[in-house]
Structure formats: C-alpha cells, structure tokens
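S.K.: In our numbering, the protein residues as written are 208 to 659.
Just dropping this structure here.
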Ligand code: PMP
C-alpha cells in the first residue's frame, strides 16, 4: 500500500515555526502547543496523504469534499502544467480566454433544465454571495425592488462571506460576527430530528412538512419582500443531513407560488457525489440558481461559480443597455489555471462515468456505515449519495470533544476523518476500493470504541 507521491524528507518537531500561520477553522493554540506531526501533510496521491513523518492517511473526506477523483490525477496535473506555458493569467473584465466560454458551455450541458448561464468565482463562499446579489439585482430589474429578504435554514452552511453567514445557520460561524449580518434574513427549521429519523437509510421518510414553514415566513413578511430561499440539497458541512422525501419539491412549489427564487447551494453536492451531476438531478428538483465550487476541478485550483436559469440571465441582458449588466466580479474569475483543471476534470467525469460510479459507491457506503449501529455512543447514522455520517452523543458539558477525540483516534489508525461537533463525516474519493472502504469503517469502529 505505498501510495506516496514521493517520500518527503522527515521533519523534526522543532524544525517548523508554527506561529505565523493563523490556521482557518482550527483550534490554533491546541494545534501549536501539541505540535501534531501527524497533522502536517506533505504530499497527496490517489486516496492518500503522506505526513511529514511518512505516515499514510486515507483521505476519508476527499480533502474537504473537493478531491473526489483522488489526488494528483495525471490528466489534471498535465492540463494545469500545460496551461502555465500557454497563459498564466488573463484579466477577467472586458476580455476572456476562449476556454472560459467553452467551460461555461460544458457546465451548462451538465446542469439541469435551462440552467445554462455561468458566472465564475474562486470559492464556494464567493459563489453564495454572488447568487444572493444576482437574486437581488434580478428582482430590481423586473421592477420588484422590494424583494430584498433572504431565507436560509438552521444548520445550513453557505460559506463565510457576510451573505453566507447571514443565510447560514451554523451558530458558531455566526455569533462572533452577529452585528454585521445582512438584514432581513429568516431561517427555515432544520430537518435533523433524531427522534423521528435516526438511522434512516438515504432520504428520511419523515419531515417533508417542515418545508411548509416557508408559508409561515411568507405570510409574516409578505411575498413581495422576499428575494430568495437558499438551501443545500444535502447539508454536508453540518454532517450529512439528508433532505426528507418530498421536502425539496415542497420548497420548490411554495417558491413558485410566491415568485421567490430557489437557490441550491451545490458546493458539496455538485459533480457526482450525489450519484448524478448535481443534487438537483439526484433529487429531481430544478432550482433557479445553483452554486458550485470544489469538485468542478477536483479541488486543484480555487474555483467556484453560479449557474443561472436562462430567464434570469435574459432579464439582465434586456435591462438598460448603457451599463455593465452586473457590477460584480473577481480578479480571478475564470482563472486560466482553474479553467484548464476544470476541463480536464469534466473530461474524466464524463469518460469514467464518475456520477454513476459514485452512485454505486454510495450503496456500498450505506451498507458499511450502518454496520456501526450499536457501537458505543452512536446516536445516528446518515447517508446520501457517496457520503455518510456517524453522530455520537456529546460528552456532558463538552460538546465537540468526542468528535475531536474520534478524529485523533482515526489518525492513529491511518484515517484522515472530518469531524463537526460530535459527528464525523465520510465521503471518500471515487477510486476507493471495497477493501479500503472496509478498512475505513473498521478503523472508525475501533476509534469509536477507543473514545468510549
Ligand atoms: N457552501 C457550501 C454548501 C459548502 O459546503 C461550502 C464549503 N464547505 C461553502 C459554501 C464554502 O465554500 P468555500 O470554503 O470554497 O468558500
């Protein structure tokens, strides 16, 4: 099992000054005091990372849900290297590389229905904020400038921009910044109900009625004030919270009734993980805007974006002619390296039928993950597409500590797990073999027992 790209030179615990790097979403003091050498990842190949000490870690979450094909795919590596020689950068405004138009066309081809106009960003957070801006401007152009409110969902994760944390519902990401939230946001209730749906396989049968809360919010504020509803089809970051059967359809119907745009944040669901190109197709519901990022180019070069229904784009194109239609964009929108990586990724997704293979892997993951039922402190197991989560009961007064311990036990067993609170999520790359899946689950089992 030697998947190391090349053997990194071993690093002594004292070699590295850890102080200057302010690590994101990380307990910096814990990390830096502990100097965890097993958390310094020197290289990546296929489904494995190699630490600075040469330990191999199986990549249980495909990086951060982004490296779905495994690391260092030769076709992507080659495409990015080649692009560096062709053009390292092309300005994003008023000019563009031909490849960005070709990429937009290819994305339109795999997006559902008439979602066929693509705006590029560099991350999921930027994609979310872009989608909210498009929604506001769209209503304004149609003479409905009063539609300014947004509706998100409890436990939702929509990145870390001010728009994203405002519509998001993960409390820790919001509370430190509360005064700076964008105004006029409501939240639908979450659908994570252990009493009603614990240990459901795939989509829970219970919970579609929770979508009807949207009618309550509409009645409260009046439809004429509401711009858009934003939800992740499957909530990944909070720990694989799966939409109840018929829930997304009901949201769609209520949005249609009241002229509200429906945004699917598909930063995690997009590009195969759900067993189809997007969650929209996997769940059979067509939104008005889709946000994407991560797997669009296998996480190799930062890229995100928004795919809009043609009618939304057309509204901008038939607006006042003298101006730029949307005063919004990024220096690195459609960055040539990201575009090249995305073309290569799309080639692979098509040629190797990746969405279909994720569907098959998902069925194996479902069986494997649910075999953990009955292990100590396991209060729920959820799965959807090629993703699963195991939730442990929190230690009294110390929520999240069991999750952290489980993560650390996983490392000892050669597994790079991802924990959120006391839940661990698993979404391994599509190249995962049955043997690797088995080893991952058995390592999780042993880790759960060790934590107990
Ligand atoms: N939306 C969703 C649904 C996500 O899962 C994420 C990242 N996990 C984001 C937005 C933010 O993406 P990024 O970290 O690229 O800004």
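A virtual CB, placed ideally from N, CA and C, is assigned to each residue, including glycine.
1. DSSP state of residue 336, grouped into three classes?
2. Can you tell me whether residue 501 is buried or exposed, with buried defined as 16 or more other CB within 10 angstroms of its CB?
3. Would you report the Cα separation of residue 575 and residue 642, rounded to the nearest angstrom?
4. Let me check understanding here. Comparing Cα to Cα, which of 562, 353, 330, 525 lies closest to residue 479?
5. Going by alpha carbons, who is nearest to residue 311 out of 328, 581, 240, 269?
6. Do the CB positions of residue 283 and residue 551 come within less than 8 angstroms of each other?
7. Run the CB neighbour count on residue 293, radius 10 Å, all protein chains shown included, and call it buried at 16 or more, exposed below.
8. Would you say residue 397 and residue 376 are within 8 angstroms of each other, going by their C-beta atoms?
9. Whose C-alpha, out of 358, 382, 401, is nearest the C-alpha of residue 420?
10. Classify residue 641 as helix, strand or coil using the three-state DSSP reduction.
11. Is the stretch 607–625 in contact with the stretch 648–657, if contact means three or more CB pairs nearer than 8 angstroms?
12. Does residue 209 come out as helix, strand or coil in the three-state DSSP assignment?
13. Check whether the Cβ of residue 335 sits closer than 7 angstroms to any heavy atom of the ligand PMP, and report yes or no.
14. Is residue 306 close to the ligand PMP? I mean its beta-carbon at under 7 angstroms from any heavy atom of the ligand.
15. Using a Cβ distance threshold of 8 angstroms, determine whether the stretch 468–482 contacts the stretch 338–348, with at least three qualifying pairs required.
16. Using the Cβ count rule (16 or more neighbours within 10 Å means buried), how would you classify residue 406?
17. Using the beta-carbon count (16 or more within 10 Å), is residue 230 buried or exposed?
18. Residue 633 bridges to which residues according to DSSP?
19. Please identify the residue among 297, 257, 612, 270 whose C-alpha is closest to the C-alpha of residue 217.
20. Considering only the alpha carbon of each residue, which of 351, 655, 380 lies closest to residue 583?
21. Determine contact between the stretch 536–547 and the stretch 315–331, defined as no fewer than three beta-carbon pairs at a distance below 8 angstroms.
22. Spell out the partners DSSP gives residue 258 in its beta bridges.
23. Just the C-alpha distance for residue 630 and residue 446, rounded to the nearest angstrom, thanks.
24. Can you tell me whether DSSP reads residue 625 as helix, strand or coil?
25. Applying the 10 Å Cβ sphere with the 16-neighbour rule, what's the burial state of residue 522?
26. Which term fits residue 410, buried or exposed, when burial requires 16 or more other beta carbons within 10 angstroms of its beta carbon?
27. Any heavy atom of the ligand PMP within a distance shorter than 7 angstroms of the CB on residue 271?
28. So the beta strand (DSSP E) residue 395 belongs to, where does it begin and stop?
29. List the endpoints of the continuous beta strand (DSSP E) containing residue 359.
30. Is residue 500 a contact residue of the ligand PMP, with contact defined as CB to any heavy atom under 7 angstroms?
31. I need the straight-line Cα distance from residue 403 to residue 413, nearest angstrom please.
32. Using a 10 Å radius around the Cβ and a threshold of 16 neighbouring Cβ atoms, would you call residue 688 buried or exposed?
33. By the three-class DSSP mapping on this structure, what secondary structure does residue 469 have?
34. Which residues does DSSP pair with residue 328 in a beta bridge?
35. So is the beta-carbon of residue 364 under 7 angstroms away from any non-hydrogen atom of the ligand PMP?
36. Quick one: is the Cβ of residue 332 within less than 7 angstroms of any heavy atom of the ligand PMP?
M.R.: Result, derived from the coordinates:
1. Here residue 336 corresponds to residue number 129 of the chain shown, with the count starting at 1. Residue 336: helix per DSSP, three-state reduction.
2. Stepping through the chain shown from its first residue, residue 501 is reached at position 294. Burial of residue 501 is indicated by the presence of at least 16 other C-beta atoms within 10 angstroms of its C-beta.
3. As a working mapping, residue 575 is identified with position 368 in the chain shown. As a working mapping, residue 642 is identified with position 435 in the chain shown. Looking at the two C-alpha atoms, the distance is approximately 11 angstroms.
4. Working through the chain shown from its first residue, we reach residue 479 at position 272. It is 562.
5. The residue you call residue 311 lines up with position 104 of the chain shown. Residue 328 holds the alpha-carbon nearest to the alpha-carbon of residue 311 among 328, 581, 240, 269.
6. Numbered from 1 along the chain shown, position 76 holds the residue referred to as residue 283. Numbered from 1 along the chain shown, position 344 holds the residue referred to as residue 551. Yes, Cβ-Cβ distance for residue 283 and residue 551 is below 8 angstroms.
7. Position 86 of the chain shown holds residue 293. Residue 293 is classed as exposed because its beta carbon has fewer than 16 other beta carbons within 10 Å across all chains shown.
8. Numbered from 1 along the chain shown, position 190 holds the residue referred to as residue 397. Numbered from 1 along the chain shown, position 169 holds the residue referred to as residue 376. Yes, the pair counts as a contact, with Cβ atoms nearer than the cut-off.
9. Counting from one through the chain shown, the residue named residue 420 turns up at place 213. In this structure, 358 is the residue among 358, 382, 401 with its C-alpha nearest to the C-alpha of residue 420.
10. Start at 1 with the first residue of the chain shown, and residue 641 comes out as number 434. DSSP places residue 641 in the helix class (H, G or I) of the three-state scheme.
11. Cβ pair count under 8 angstroms is three or more, so yes.
12. Walking along the chain shown from the start, residue 209 turns up at place 2. Only weak support is given to the placement of residue 209: the predicted model assigns it a pLDDT of 44, under 50, and the question is left unresolved by the model.
13. As a first step, residue 335 is located in the chain shown; it is residue number 128 there, counting from the start. Checking the Cβ of residue 335 against the ligand PMP gives yes.
14. On the chain shown, residue 306 is found 99 positions in, with the first residue counted as 1. Not so, every heavy atom of the ligand PMP lies at least 7 angstroms from the Cβ.
15. Counting Cβ pairs under 8 angstroms, three or more are found: they touch.
16. Numbered from 1 along the chain shown, position 199 holds the residue referred to as residue 406. Counting Cβ neighbours within 10 Å, residue 406 comes out exposed, since fewer than 16 surround it.
17. Walking along the chain shown from the start, residue 230 turns up at place 23. Residue 230 should be labelled exposed.
18. By 1-based counting over the chain shown, the position of residue 633 is 426. Beta-bridge pairing links residue 633 to 595.
19. Counted from its first residue, the chain shown places residue 217 at position 10. Per the C-alpha coordinates, the member of 297, 257, 612, 270 positioned closest to residue 217 is 257.
20. To locate residue 583, count along the chain shown from 1; it is residue 376. In terms of CA proximity to residue 583, 655 leads the group 351, 655, 380.
21. Yes, they touch.
22. Along the chain shown, one-based indexing puts residue 258 at 51. By DSSP's assignment, residue 258 forms a beta bridge with 248.
23. In the chain shown, residue 630 corresponds to position 423, counting from 1. In the chain shown, residue 446 corresponds to position 239, counting from 1. Just so you know, the alpha carbons of residue 630 and residue 446 end up roughly 6 angstroms apart.
24. One-based indexing of the chain shown puts residue 625 at position 418. In this structure, residue 625 counts as strand in the three-state DSSP scheme.
25. Residue mapping note: residue 522 aligns to position 315 of the chain shown, counting from 1. Classification for residue 522: buried.
26. Residue 410 sits at position 203 when you count from the first residue of the chain shown. Residue 410 is buried by the Cβ-count criterion.
27. Locating residue 271 in the chain shown gives position 64, where the first residue counts as 1. Yes, since a heavy atom of the ligand PMP falls inside the 7 angstroms radius drawn around the Cβ of residue 271.
28. Taking the first residue of the chain shown as position 1, residue 395 is located at position 188. Start and end: 392–395.
29. Locating residue 359 in the chain shown gives position 152, where the first residue counts as 1. Unbroken beta strand (DSSP E) run through residue 359: 356–360.
30. One-based indexing of the chain shown puts residue 500 at position 293. Because some heavy atom of the ligand PMP lies under 7 angstroms away, the Cβ of residue 500 counts as near it: yes.
31. Translated into the one-based positions of the chain shown, residue 403 becomes position 196. Translated into the one-based positions of the chain shown, residue 413 becomes position 206. So the two alpha carbons sit approximately 7 angstroms from each other.
32. The displayed coordinates of the chain run from 208 to 659. Any statement about residue 688 would go beyond what the structure contains.
33. For the purposes of this step, residue 469 is identified with residue 262 of the chain shown, where counting begins at 1. Residue 469 sits in a strand when the DSSP states are folded into three classes.
34. Residue 328 sits at position 121 when you count from the first residue of the chain shown. Under DSSP, residue 328 takes part in a beta bridge, and its partners are 511.
35. Position 157 of the chain shown, counted from the start, is the residue given in the question as residue 364. Residue 364 Cβ: within cutoff of the ligand PMP.
36. The residue you call residue 332 lines up with position 125 of the chain shown. The nearest non-hydrogen atom of the ligand PMP is less than 7 angstroms from the C-beta of residue 332.
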